[in-house]
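The structure appears right after this line, and notes come after that.
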Amino acid sequence: MKTSFVLPDDLVPAVRSPKAPAAGGPVRAHNPMCFGCGEDAPSGLQLKAVAGEGVEITAHMQVEPRFEGGPGVIHGGILSSAFDEAMGLAQWMVGAIAVTAHLEIDFAKPIPIGSELRIEAECIGEVRRKLYTRAVAYLGDDPEPVGSAHALFIKIKPLEHYRDSFAASGAADFYADKVARRERSGGV
């Protein structure tokens, strides 16, 4: 699979955060209502991830009939969302919170409805606020990739970045409590 994604010369290799989940442990959802990983988003992907030894995660999801695009196969937009989410969850391994700035995907093979998708994602490195990631998707335990992705994320301060959208969230109460605690502590 070819890519036009180019890593910068001044890339600093990613380093595992001491706050990262233990290897083999679950990587928590960043938002309970997240379409990709949220446990309270019943119409979402329900992506579940476990931490690797370094700066990588492995995520799994069932390719349900509601994700159909072409006859009997996953919709490309759903696969794009799964890649985006897996690479976003890999950021927990370096202790970053970031948003997608660029996402590039190579679709290699059709992914049948009813299969299990496994995505291995990792943080490659960073330059200032830019975080570079990559991922490869497989069907279950098959070693042959069905697709790959690269992404650039930008690190954010979530309480600042999402301040104006917390009230519109399906988890508004959760975020209102979080913002109130942060403000009481003198944070932003």
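Quick note on numbering that gives the first Met the number 0: the sequence shown kicks off at 0 and runs consecutively. Glycine included, C-beta positions come from ideal geometry on N, C-alpha and C.
Q. Identify the residues that DSSP records as bridge partners of E115: which are they?
A. Taking the first residue of the sequence shown as 1, we reach residue 115 at position 116. According to DSSP, E115 bridges with Q61.
Less than 8 Å between the C-beta atoms of Q90 and L44, yes or no? The residue you call residue 90 lines up with position 91 of the sequence shown. The residue you call residue 44 lines up with position 45 of the sequence shown. Not a contact, by the Cβ cut-off of 8 Å.
- request: Run the CB neighbour count on D39, radius 10 Å, all protein chains shown included, and call it buried at 16 or more, exposed below.
  value: In the sequence shown, counting from the first residue as 1, residue 39 sits at position 40. Exposed.
message = For the pair the region 61 to 71 and the region 92 to 105, tell me if three or more CB-CB distances fall below 8 Å.
response = no
| query | Taking only runs of the beta strand (DSSP E) that begin and end inside the region 30 to 100, which ones reach a length of at least 3 residues, in chain order? | reply | 47 to 50 and 55 to 61
Local conformation of E159 per DSSP, three classes:
Here residue 159 refers to the residue found at position 160 when the sequence shown is read from its first residue. E159: helix per DSSP, three-state reduction.
ask   = Between the C-alpha atoms of I123 and V5, what's the straight-line distance to the nearest angstrom?
value = Numbered from 1 along the sequence shown, position 124 holds the residue referred to as residue 123. Numbered from 1 along the sequence shown, position 6 holds the residue referred to as residue 5. When rounded, the distance between both Cα atoms is 12 Å.
For this session: Note down, in chain order, each residue of its chain lying with its Cβ closer than 8 Å to the Cβ of A50, except the 5 sequence neighbours on either side.
Result: Here residue 50 refers to the residue found at position 51 when the sequence shown is read from its first residue. Result list for A50: A19, P20, A21, A22, G23, G24, P25, V26, I56, W91 and M92, in chain order.
Note to self: I need the straight-line Cα distance from Y137 to G71, nearest angstrom please.
What the structure shows: As a position in the sequence shown, residue 137 is number 138, starting the count at 1. As a position in the sequence shown, residue 71 is number 72, starting the count at 1. Going by the C-alpha atoms only, they are around 17 Å apart.
Per DSSP, what are the beta-bridge partners of A150 in this structure?
Taking the first residue of the sequence shown as position 1, residue 150 is located at position 151. A150 pairs with L102 and T132.
Ordered along the chain, which non-local residues of its own chain (more than five positions away) have a Cβ less than 7 Å from that of G146? Sequence index remark: in the sequence shown, residue 146 carries index 147 (1-based). L78, I104, D105, F106, A107 and A136.
task = Quick one: measure Cβ to Cβ for V126 and V11, integer angstroms, because I've assumed they're closer than 8 Å.
result = Position 127 of the sequence shown holds residue 126. Position 12 of the sequence shown holds residue 11. Rounded, the Cβ-Cβ distance is 7 Å, consistent with contact.
Inset, instruction - State yes or no: is the C-beta of A100 within less than 8 Å of the C-beta of L46? - result: As a working note, residue 100 is residue 101 in the sequence shown. As a working note, residue 46 is residue 47 in the sequence shown. Contact flag unset, no.
Exercise for the section: Spatial neighbours of R117 within its chain, please: CB distance less than 6 Å, with the 5 preceding and 5 following residues excluded, ordered by chain position. Expected result: By 1-based counting over the sequence shown, the position of residue 117 is 118. Correct list, in chain order: H59 and Y137.
Please determine, among A134, D163, I73 and G68, the residue with the shortest C-alpha to C-alpha distance to M86.
Mapped onto the sequence shown, residue 86 falls at position 87. Considering only alpha carbons, the answer is A134.
* To do: Check the DSSP bridge columns for G124 and list the partner residues they point to.
  => Within the sequence shown, residue 124 is the residue found at index 125, counting from 1. Answer is P12 and Y131, bridged to G124.
Cβ distance (whole Å) where E84 is taken to contact G35 below 8 Å = Taking the sequence shown and counting its residues from 1, one reaches residue 84 at position 85. Taking the sequence shown and counting its residues from 1, one reaches residue 35 at position 36. Their Cβ separation, rounded to whole angstroms, is 3 Å, which keeps E84 and G35 in contact under 8 Å.
Close-in-space but distant-in-sequence residues of the same chain around P7 (CB under 6 Å, 5 per side omitted): The residue given as residue 7 occupies position 8 in the sequence shown. Same-chain partners within the cutoff: V126.
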